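Undergrad:
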Amino acid sequence: MKILIIEDETELAKDIVKYLSSEHYRCETAGDYHQAMEKIYAYEYDCILLDLMLPGGDGLTILDELKKQNKQDGVIIISAKNAIEDKVKGLKLGADDYLAKPFHQAELAARIESLIRRKQFDSSNVIIQNELTIDINAKTVMVDDQSLSLTKKEYDLLLFFIGNKNRVLSKGALAEHLSGDFADMFDNHSFVYAHVKNLKRKLKESGYADYLKTVYGTGYKWEI
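Numbering (my numbering) for the sequence shown: 16 to 239.
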């Protein structure tokens, strides 16, 4: 799962990245308004952590731009401004949650997890699709009660496919989901093919039906 942290306090941003990375989230940061706008134009995120007070602009303006673009990224406002009017403005503009500074990292992680469950998996901690069971909290995958061992990237891909079931996902979108800003550094997306191939092989060997389809010349689709 990919998180964008829009925060100008460098040490706080580093602390958030360190903690969320230990929870297996992939984190990117933006330290001011202009960096943040560049990233939201260029990429998609599972969750955006948005400070309201930023050098060069207002966090609420970023939130308004996300709404205008019809972006589906989840947004949690993190701000020292705890006035009720700021909270109300943010929620009215489309923010999903509001967390006032200072906060405990564990609470932030719990809110991110809850938001992603709510948006992608109907608030459920456990995803069940036929013979496949995924426990999001435990980060385990079972096929017919047998444990399936996946790498972190394979697990991320599986959740991404299921969260976008019946949609064709291009190799570029998958590369950006797995690598974020670094996706642009690759001349091709062969690493995406390798991860998808391994995921398909492991699912097949476990006895799971072939729901992960290759759409030739375009990408892949989780069809169910």
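C-beta atoms are modelled at their ideal positions from N, C-alpha and C, and glycine is treated no differently.
The model shown is predicted, which means the values in this text are computed figures rather than measured ones.
Thinking C-alpha only, which one of K116, Y231, E128 and E53 is nearest E24?
TA: For this step, residue 24 is matched to residue 9 along the sequence shown. Ranking the options by Cα distance to E24, first place goes to K116.
Undergrad: Under the three-state reduction of DSSP, which class applies to G89: helix, strand or coil?
TA: Numbered from its first residue, the sequence shown carries residue 89 at position 74. Looking at G89 - three-state DSSP - the assignment turns out to be strand.
Undergrad: Is K168 closer than 8 Å to L193 when the C-beta atoms are compared?
TA: Translated into the one-based positions of the sequence shown, residue 193 becomes position 178. Translated into the one-based positions of the sequence shown, residue 168 becomes position 153. The answer is yes: Cβ separation under 8 Å.
Undergrad: Whether or not the region 28 to 37 and the region 47 to 56 are in contact is what I'm after, with contact meaning three or more pairs of Cβ atoms, one per stretch, closer than 8 Å; do they touch?
TA: With the cut-off at 8 Å, the region 47 to 56 and the region 28 to 37 do not touch.
Undergrad: Rounded to whole angstroms, what's the CA-CA distance from D111 to D171? Just pull it up for me.
TA: Start at 1 with the first residue of the sequence shown, and residue 111 comes out as number 96. Start at 1 with the first residue of the sequence shown, and residue 171 comes out as number 156. Approximately 22 Å, taken between the alpha carbons.
Undergrad: Which residues in the same chain as E38 place their Cβ atom closer than 7 Å to its Cβ, once the five residues preceding and following it in sequence are excluded?
TA: Locating residue 38 in the sequence shown gives position 23, where the first residue counts as 1. Here the set comprises A124.
Undergrad: Quick one: give me the first and last residue of the beta strand (DSSP E) that D150 is part of.
TA: Working through the sequence shown from its first residue, we reach residue 150 at position 135. First-last of the beta strand (DSSP E) with D150: L147 to D150.
Undergrad: Looking at the structure shown, is L81 part of a helix, part of a strand, or coil, going by DSSP?
TA: The residue you call residue 81 lines up with position 66 of the sequence shown. Helix at L81.
Undergrad: Helix, strand or coil for F197? Go by DSSP, reduced to three states.
TA: Within the sequence shown, the letter at position 182 stands for residue 197. Confidence at F197 is low in this model, with a pLDDT of 49, below 50, so its placement is unreliable and no value can be given for it.
Undergrad: Since I18 and D66 should fall inside the 8 Å C-beta cutoff, what is the C-beta to C-beta distance between them, to a whole number of angstroms?
TA: In the sequence shown, counting from the first residue as 1, residue 18 sits at position 3. In the sequence shown, counting from the first residue as 1, residue 66 sits at position 51. Not really, about 14 Å apart at Cβ, beyond 8 Å.
Undergrad: May I ask you to list the residues that DSSP assigns as paired with K17?
TA: To locate residue 17, count along the sequence shown from 1; it is residue 2. Paired residue(s): R41.
Undergrad: For K102, report the span of its alpha helix (DSSP H) as first-last.
TA: As a working mapping, residue 102 is identified with position 87 in the sequence shown. Counting along the chain, the alpha helix (DSSP H) containing K102 begins and ends at I99 to K107.
Undergrad: Which two residues bound the contiguous beta strand (DSSP E) that contains S185?
TA: As a position in the sequence shown, residue 185 is number 170, starting the count at 1. Residues V183 to S185.
Undergrad: Output needed for A82: all residues of its chain with C-beta closer than 7 Å, excluding positions within five of it in sequence on either side, in chain order.
TA: For the purposes of this step, residue 82 is identified with residue 67 of the sequence shown, where counting begins at 1. Here residue 82 is Lys; the residue named in the question, Ala, does not match the sequence. Excluding sequence neighbours, K82 sits near L108 and G109.
Undergrad: Given this structure, state the Cα-to-Cα distance separating R132 from P70, to the nearest angstrom.
TA: By 1-based counting over the sequence shown, the position of residue 132 is 117. By 1-based counting over the sequence shown, the position of residue 70 is 55. Near 32 Å, if we compare the C-alpha coordinates of P70 and R132.
Undergrad: Can you tell me whether T44 is buried or exposed, with buried defined as 16 or more other CB within 10 angstroms of its CB?
TA: Walking along the sequence shown from the start, residue 44 turns up at place 29. That one is buried.
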